[in-house]
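Asker:
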DNA sequence: TAATAAATGTTATTTTATAACATAACATCG
DNA sequence: CGATGTTATGTTATAAAATAACATTTATTA
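Chains as they are written, first to last, in the numbering used here: chain F, 107 to 268; chain L, 107 to 268.
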């Protein structure tokens, strides 16, 4: 079972690949990945940890760009709709999707201490959830599976630094 | 498979039972279920749908009680810590726990249209998630499994009324 | 009853998100 | 090209959710 993760997960992609892939996908769909939207996606991918909307806004302003909350939220809405990012409901933050294109739920391990996130995609979990919803005649619109805890790296430390 | 839900779920409890059970549990633990905390739990259980913190606050004020946001959030924190309620991260609302006592994650089906929530407790899902976290050496602190969609009742209607 | 701890009251503020309307950029058709 | 409609962004204001910080009250126990 030690390699279950690697078997289940497609290879991780980096920021550059993610941006290229986003452009391709949007072109195919006739969706407009404008400069603003592309920049927001880039900011998200360049971060080691998921970012909140206002952090992204600050970074846009650092670019010299003007903006207000709606600027960011509209770009985020677009990226969410295109399946290019995920929103982590537990922390109100946004992270790049490692499997762009397939609109999926995904499963997330969020480290409370370092803030880093692993995106799983265990098909068995998706199937069980689908079985439950199917059995109930419940139509799924969005799926949120998030585990908050402590990652192996942070567990090595004496306690959570603070 | 039509009865999977019933097999997995303990029998539903009503508001009266939930309050009685909460009192027993708190007494056993030496936790103080004060009048305020009890009333908040009651408000939550008397609602057909999960409630937001400010809605609960309004209801407390309807009681003639004084209060401000911290009044509610502190009571909610207590009830969460005792495993008597759940917080649904997708909607920022709170709902009574159908399995009080066992600190568990649970899985929730949330109807976008009527707001009603079903709490599942499928052990297989919990096991798969635990297998994933174990394989990664990830310590779990909290688990969130929420499905947003449309319940069978609302699916019968022509479309979502609006 | 005095001392301590726990719970609640109170004011202010922070953080997250959206409403509403104005302007600018882009497309496409004549 | 220039008019027209659509999409995207700018802008101001506000709503909604959550917490910080400190005062007061209530309960517990010494």
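All C-beta atoms in this analysis are idealised placements derived from N, C-alpha and C, irrespective of residue type, glycine included.
As the structure is a prediction and not an experimental result, all values here were calculated from the model.
Which bits of chain L does residue 256/F rub up against, with CB to CB less than 8 Å?
Answerer: 244, 245, 247
Asker: If the cut is a Cβ gap below 8 Å, which residues of chain L does residue 154/F touch?
Answerer: What residue 154/F touches in chain L: nothing, since even the nearest Cβ is about 17 Å away.
Asker: Given a cut-off of 7 Å, decide if residue 150/L and residue 221/L are closer than it, judged by their beta-carbon atoms.
Answerer: no
Asker: May I ask you to list, following chain order, the residues of the stretch 218 to 229 of chain L that have a beta carbon less than 8 Å from some beta carbon of chain F?
Answerer: Residues of the stretch 218 to 229 of chain L with a C-beta less than 8 Å from any C-beta of chain F: 218, 224, 226, 228, listed in chain order.
Asker: Excluding the five sequence neighbours on either side, which residues of its own chain have a C-beta within less than 7 Å of the C-beta of residue 252/F, listed in chain order?
Answerer: 194, 195, 196, 214, 216
Asker: When you compare only the Cα positions, how much space is there between residue 114/F and residue 153/F?
Answerer: The predicted model places residue 114/F with a pLDDT of 41, which falls under 50 and marks its position as unreliable; any figure quoted below should be read in that light. Those two C-alpha atoms are separated by around 24 Å.
Asker: For residue 155/L, name the three-state secondary structure that DSSP assigns.
Answerer: Coil.
Asker: Excluding the five sequence neighbours on either side, which residues of its own chain have a C-beta within less than 7 Å of the C-beta of residue 239/F, listed in chain order?
Answerer: 246
Asker: Figure out for me which residue from 129/F, 158/F, 260/F has the closest Cα to the Cα of residue 188/F.
Answerer: 129/F
Asker: Whole angstroms are fine: how far does the CA of residue 156/L sit from the CA of residue 225/L?
Answerer: 12 Å
Asker: Against chain F, with Cβ distances strictly below 7 Å, would residue 119/L count as a contact?
Answerer: No, no contact with chain F.
Asker: Below 6 Å CB to CB, which residues in the same chain sit around residue 241/F once its five sequence neighbours on both sides are set aside?
Answerer: none
Asker: Rounded to a whole number of angstroms, what is the C-alpha to C-alpha distance between residue 176/L and residue 134/F?
Answerer: 49 Å
Asker: Who are the neighbours of residue 250/F on chain L, taking C-beta pairs under 8 Å?
Answerer: 195, 196, 250, 251, 252, 253, 254
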